[in-house]
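The structure under discussion appears below in the form of structure tokens.
Numbering (my numbering), first residue to last: 3 to 238.
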């Protein structure tokens, strides 16, 4: 059996402080991986920095987009890029150190017996660092709400640190995916489950960003709450 060829898709927007360190951390944790930085025209020069890193390391690639169109669209662009090449596994990973790079090998290993491995804050062994109680309650409550409405067992449906086997992404209709923000993670996992793929949760410790600004907003969260009913009722 041939060795996996993993690609880490890493969307960026104004992550110039974080990008060099997260690239180093990800490639140190999973040296066989490549990283695709999907930059949405960051005005702080993140895209230019990514280009310089790509020139120095053939494991790093850059996909430039001209406008900020949402996290979901950035990931879908990265998935399309991956599927046009011969990568066997594709990761979602934030550039802000919220997702622990040292868990990349665990996610990859979990796909030996599953189709999607999801880094989970809300299973035994998982958790968060630097989150106030209010944010923990919102995240836990959002996942619980989505889980009950959709009738699935995944405890961290809003989690965005994932590893997909190539076959999963090939089976999904990207044009049918409607969410662009927070709800994108729920929708992607839901559609994989609906296709009959096996999703497993791998415990991670999620750390609140220490540099840069969070992209979360009330409107993004509200989109996710409405989305789960649309998914349940087959409206999207």
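Idealized CB from N, CA, C, for every residue including glycine.
Mapping the DSSP letters down to three states, classify residue i as helix, strand or coil.
{"i": "residue 214", "result": "Since pLDDT at residue 214 reaches only 48, below the 50 mark, its modelled position is unreliable, and no value is offered."}
{"i": "residue 232", "result": "helix"}
{"i": "residue 226", "result": "helix"}
{"i": "residue 46", "result": "coil"}
{"i": "residue 93", "result": "strand"}
{"i": "residue 129", "result": "strand"}
{"i": "residue 205", "result": "strand"}
Nearest-angstrom Cα distance between residue i and residue j?
{"i": "residue 85", "j": "residue 9", "result": "10 Å"}
{"i": "residue 241", "j": "residue 133", "result": "For the chain, the structure presents residues 3 to 238; residue 241 sits outside this window and is missing."}
{"i": "residue 76", "j": "residue 96", "result": "11 Å"}
{"i": "residue 78", "j": "residue 135", "result": "32 Å"}
{"i": "residue 30", "j": "residue 182", "result": "30 Å"}
{"i": "residue 25", "j": "residue 42", "result": "17 Å"}
{"i": "residue 232", "j": "residue 238", "result": "6 Å"}
{"i": "residue 158", "j": "residue 20", "result": "25 Å"}
Is residue j closer than 8 Å to residue i when the C-beta atoms are compared?
{"i": "residue 7", "j": "residue 88", "result": "yes"}
{"i": "residue 206", "j": "residue 193", "result": "no"}
{"i": "residue 147", "j": "residue 70", "result": "no"}
{"i": "residue 93", "j": "residue 209", "result": "no"}
{"i": "residue 80", "j": "residue 11", "result": "yes"}
{"i": "residue 73", "j": "residue 165", "result": "no"}
{"i": "residue 156", "j": "residue 203", "result": "yes"}
Ends of the beta strand (DSSP E) at residue i?
{"i": "residue 13", "result": "8-14"}
{"i": "residue 119", "result": "118-122"}
{"i": "residue 62", "result": "62-66"}
Report back the beta-carbon spacing between residue i and residue j to the nearest angstrom; my notes put them in contact at under 8 Å.
{"i": "residue 161", "j": "residue 121", "result": "6 Å"}
{"i": "residue 62", "j": "residue 39", "result": "7 Å"}
{"i": "residue 229", "j": "residue 185", "result": "4 Å"}
With respect to 7 Å, is the separation between the Cβ of residue i and the closest non-hydrogen atom of the ligand ADP below this value?
{"i": "residue 210", "result": "This structure lacks the ligand ADP; in fact it carries no ligand of any kind."}
Note the first and the last residue of the continuous alpha helix (DSSP H) segment covering residue i.
{"i": "residue 151", "result": "135-152"}
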